[in-house]
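Just so we're aligned: the sequence shown equals residues 44 to 231 in our numbering.
The beta carbon of each residue, even a glycine, is placed where N, CA and C say it ideally should be.
The model shown is predicted, which means the values in this text are computed figures rather than measured ones.
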Amino acid sequence: MNVRGQLAEKAAASDVVLGAFAAADELGRALWRLRYGEIARASGMDRATALLAKRLRANVRGRGLRDRRPSADDGGPDIFHRLARRAVWEWLHDRCPVCGGQVVGGMRDADHVLGERAYSCAACRGTGRAHYSDAERAMSLVLDVDVFARRWRERLVAALALLDRYDGDTERAMNAQLRPLAQSKHVA
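Right, here's the structure in full:
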């Protein structure tokens, strides 16, 4: 039976997608709204940053880093919040700015059999992903480059991997919810 009533035979496709979206994790939903949603707002970025920072703090064991909150004299967010903001920003801006993520391009060459030669992007080395230097990352985290390289580079890479995992988990949750409905004839 349909939630709209006994006489309704079909559910609207948008209702079905929203229901499937609700089954995903909160961080995954926030990331999907930022990356694939129609409107990316600062509030969505703040929410995703806060959720990721909470998870990053929870994963810290010992060393007195877990409870580091902003002090009255610096007035800014703590290192985990800055790290989470940088990770979400890099995750959203992961395409190579030179090739736009299209790893291989073509260059006209009359001598070539096909009429053009294929080449890979030199900026991303054929991966399609943007590469950020330690200096850029350290500057955005308000850290010295050597401190970032020693203590925070691995955490940033781990945070990016965590975001990829939540993105994949959200996609699997959406597919699991929508697959049976896509095969059904009761979706408008």
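Distance between residue j and residue i (C-alpha atoms, nearest Å)
i: residue 70; j: residue 164; result: 32 Å
i: residue 259; j: residue 168; result: Since the first residue shown for the chain is 44 and the last is 231, residue 259 is missing from the structure and cannot be characterised.
i: residue 212; j: residue 220; result: 12 Å
i: residue 151; j: residue 88; result: 42 Å
i: residue 197; j: residue 135; result: 19 Å
i: residue 215; j: residue 160; result: 38 Å
i: residue 154; j: residue 179; result: 42 Å
i: residue 185; j: residue 195; result: 12 Å
i: residue 139; j: residue 132; result: 14 Å
i: residue 126; j: residue 77; result: 18 Å
i: residue 200; j: residue 156; result: 42 Å
i: residue 222; j: residue 181; result: 43 Å
i: residue 171; j: residue 162; result: 13 Å
i: residue 92; j: residue 74; result: 10 Å
i: residue 175; j: residue 210; result: 21 Å
i: residue 193; j: residue 158; result: 49 Å
Continuous beta strand (DSSP E) stretch holding residue i: start and end
i: residue 163; result: 159-163
From the options, residue whose alpha carbon lies closest to that of residue i
i: residue 68; options: 221, 147, 217, 129; result: 217
i: residue 137; options: 214, 207, 215; result: 207
i: residue 143; options: 162, 153, 173; result: 173
i: residue 205; options: 176, 79, 102; result: 102
i: residue 90; options: 100, 72, 79; result: 72
i: residue 86; options: 128, 201, 210; result: 128
i: residue 99; options: 130, 74, 190; result: 130
i: residue 97; options: 124, 75, 176, 84; result: 124
i: residue 202; options: 94, 75, 182, 84; result: 94
i: residue 122; options: 189, 183, 210; result: 183
First through last residue of the alpha helix (DSSP H) which encompasses residue i
i: residue 123; result: 122-135
i: residue 79; result: 69-79
i: residue 184; result: 177-184
i: residue 87; result: 85-101
Residues bridged to residue i (per DSSP)
i: residue 147; result: 163
i: residue 138; result: 172
Closer than 8 Å to chain B by CB, residue i
i: residue 95; result: This model lacks chain B altogether; it includes just one protein chain.
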